[in-house]
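In full-length UniProt numbering, the protein residues as written are 1 to 171.
Yeah, the Cβ is synthetic: ideal placement off N, Cα and C, and Gly gets one too.
Keep in mind that this is a model prediction, so the values were computed, not measured.
For reference, the structure discussed in these notes is given below.
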């Protein structure tokens with residue numbers, strides 16, 4: 001009997017766009033499905049994970065929320081994301097759905113490409129890449145409310161070799 005692939009959704013968007021708010025809403029309206037979260041926190045402090053762990057939904061257990069705090073997930077796919085996915089897929093009780101929240105600086109292309117790794121592609125399918133946009137900020141000509149915070153985060157990670165996250169969207 002063929003094993004059904006687990007759907008995975010990648011949630012991406014700039015810092016402060018509302019990614020965590022959307023995921024929290026997904027958890028609160030999961031309809032009994034077991035959702036596993038992989039959250040890419042750029043810094044050492046896991047703020048989004050703490051917010052989601054306290055969301056109050058039955059499907060929001062600490063075991064189902066995995067934080068990756070080793071910089072931008074697009075730059076550490078082989079070291080962090082793939083082993084994390086393998087551990088998640090090897091659990092006795094598998095999730096019904098996997099949601100990956102990227103940091104505000106991550107590029108989704110390398111992450112989506114990682115789903116083609118042999119150990120992952122037979123068990124997971126990407127059902128969507130959702131980009132969250134703060135339309136008020138974009139209308140005002142910026143992609144985040146605090147440009148200095150974004151610049152500081154970008155300066156912390158030598159792996160971020162792209163000049164502007166907005167420019168990367170158009171490659």
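Please tell me whether residue 137 and residue 16 are closer than 9 Å, where the distance is taken between their beta carbons.
The sequence position of residue 137 within the chain shown is 137, counting from 1. The sequence position of residue 16 within the chain shown is 16, counting from 1. Yes; because the gap between Cβ atoms is below 9 Å, this pair is in contact.
In angstroms, rounded to a whole number, what distance separates the CA positions of residue 125 and residue 84?
By one-based count along the chain shown, residue 125 stands at place 125. By one-based count along the chain shown, residue 84 stands at place 84. For residue 125 and residue 84, the distance between alpha carbons rounds to 16 Å.
Touching or not, the stretch 116-124 and the stretch 21-37, by the rule of three or more beta carbon pairs under 8 Å?
Output reads no: the stretch 21-37 does not touch the stretch 116-124.
Starting from residue 7, trace the beta strand (DSSP E) both ways and give me its first and last residue.
Residue mapping note: residue 7 aligns to position 7 of the chain shown, counting from 1. Unbroken beta strand (DSSP E) run through residue 7: 6-13.
Just mark residue 10 as buried or exposed, buried being the case when its beta carbon has 16 or more other beta carbons within 10 Å.
Taking the chain shown and counting its residues from 1, one reaches residue 10 at position 10. Buried, since its Cβ has 16 or more Cβ neighbours within 10 Å.
Put residue 80 into one of helix, strand or coil per three-state DSSP.
The residue you call residue 80 lines up with position 80 of the chain shown. Helix at residue 80.
Among residues of its own chain, excluding the 5 on either side of residue 93, which ones have a beta-carbon nearer than 8 Å to its beta-carbon?
What you label residue 93 is simply residue 93 of the chain shown in a count that begins at 1. Excluding sequence neighbours, residue 93 sits near 34.
Can you list, in chain order, the residues of its chain with a C-beta nearer than 6 Å to that of residue 12? Leave out the 5 residues immediately preceding and following it.
Position 12 of the chain shown holds residue 12. For residue 12, where only same-chain residues beyond five positions count, the Cβ hits under 6 Å are 102, 108, 131.
Cβ of residue 172 within 9 Å of Cβ of residue 37?
Nothing about residue 172 can be reported from this structure: the residues present for the chain run from 1 to 171 only.
Span of the beta strand (DSSP E) holding residue 127?
Here residue 127 is taken as the residue at index 127 of the chain shown, counted from 1. Run containing residue 127: 124-132, per the beta strand (DSSP E) assignment.
For residue 22, which residues of its own chain have a beta-carbon under 7 Å away from its beta-carbon, when the five flanking residues on both sides are left out?
Start at 1 with the first residue of the chain shown, and residue 22 comes out as number 22. Excluding positions up to five away in sequence, the list reads 11, 132.
Suppose you measure from the CA of residue 142 to the CA of residue 106; what does that come to, to the nearest Å?
The residue you call residue 142 lines up with position 142 of the chain shown. The residue you call residue 106 lines up with position 106 of the chain shown. The straight-line gap from Cα to Cα measures roughly 17 Å.
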